[in-house]
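Participant: Here it is: the structure, laid out below.
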Amino acid sequence: SQTIHQWPATLVQPVGSPLSLECTVEGTSNPNLYWYRQAAGRGLQLLFYSVGIGQISSEVPQNLSASRPQDRQFILSSKKLLLSDSGFYLCAWSVRAGVLYGYTFGSGTRLTVV
Amino acid sequence: QQPVQSPQAVILREGEDAVINCSSSKALYSVHWYRQKHGEAPVFLMILLKGGEQKGHEKISASFNEKKQQSSLYLTASQLSYSGTYFCGTEMNDYKLSFGAGTTVTVRA
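Top line first, the protein sequences correspond to chains D and E. Under my numbering, the first residue of the first sequence carries the number 549, and numbering increases by one thereafter. Under my numbering, the first residue of the second sequence carries the number 6, and numbering increases by one thereafter.
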């Protein structure tokens, strides 16, 4: 069966520090991978998505970046965090075979920038 | 473009029904519905494709009117476990979902 792993679960980082969040998927090949951010009490904002290795689409211009070095690995990074980067970061995977199938989300990383 | 959800919040007693609406100004290929419990990740409930089909999950069902680009989620005979925030996600025949702001459902005994 397919599983998605996301870590760390919580993170407190000072302003200006770097960030690296990792997400891996098991049990499937060539998944679509996504990074969403959720501010407290708000909806889900799509940050990046990838349909294959090295293929990254950015939805919102910001100081974050994403990479997909392997088929089932998706990394979210920042060189210098801002206070506004705080939020709940969710990785998700799906496949598209005529239709985009339902997302499976990771358990999320709660990031607080102080 | 982000779909519009209504209402923002609803409070129910066990056994009552509710409807959550989701609308888009763009032509949609599919609509997804998810439920998120506090502090957890969203969980997929169902997907509806253009064609007006209706689907169900437990006593939760949904419909999609592609002419109006609207979807509705129906909570029937609500249970305490139905509490959470419901999100619709819309797809325009590409590889990604845009999510609404969410509807918080509180079911009380």
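Positions of the beta carbon are idealized from the N, C-alpha and C atoms, including for glycine.
1. What in chain E is Cβ-close to D/Thr652, meaning under 8 Å?
2. Does DSSP put D/Ser642 in a helix, in a strand, or in coil?
3. Give the straight-line distance between the Cα atoms of E/Ser30 and E/Leu80, rounded to the nearest whole angstrom.
4. Looking at chain E, is there any beta carbon in it that lies within less than 8 Å of the beta carbon of D/Ser655?
5. In angstroms, rounded to a whole number, what distance separates the CA positions of D/Cys571 and D/Ser625?
6. Using a 10 Å radius around the Cβ and a threshold of 16 neighbouring Cβ atoms, would you call E/Thr108 buried or exposed?
7. Out of E/Gln10, E/Arg113, E/Ser68, which one is the CA nearest neighbour of E/Ala82?
8. Where do the N-terminal and C-terminal ends of the beta strand (DSSP E) with E/Tyr79 fall, by residue?
9. What would DSSP say about D/Ser655, mapped onto helix, strand or coil?
10. Counting only beta-carbon atoms, is D/Asn580 nearer than 8 Å to chain E?
11. Which value, in whole angstroms, describes the spacing of the CA atoms of D/Pro617 and E/Val24?
12. If you measure between the beta carbons of D/Gly654 and E/Ala106, is that distance less than 8 Å?
Facilitator: Quick answer:
1. Correct list: Phe49.
2. Here D/Ser642 carries a strand assignment [DSSP, helix/strand/coil].
3. E/Ser30 and E/Leu80 have their alpha carbons spaced roughly 25 Å apart.
4. At least one beta carbon of chain E lies nearer than 8 Å to the beta carbon of D/Ser655.
5. If you draw a straight line from the Cα of D/Cys571 to the Cα of D/Ser625, it comes to about 12 Å.
6. Here E/Thr108 is buried. Its C-beta has 16 or more other C-beta atoms within 10 Å.
7. Closest option to E/Ala82, Cα to Cα, is E/Arg113.
8. Counting along the chain, E/Tyr79 sits inside the beta strand (DSSP E) bounded by residues 75-80.
9. In the structure shown, D/Ser655 sits in coil (DSSP, three-state: anything other than H, G, I, E or B).
10. True, the Cβ-Cβ gap to chain E drops below 8 Å.
11. Those two C-alpha atoms are separated by around 43 Å.
12. Not a contact, by the Cβ cut-off of 8 Å.
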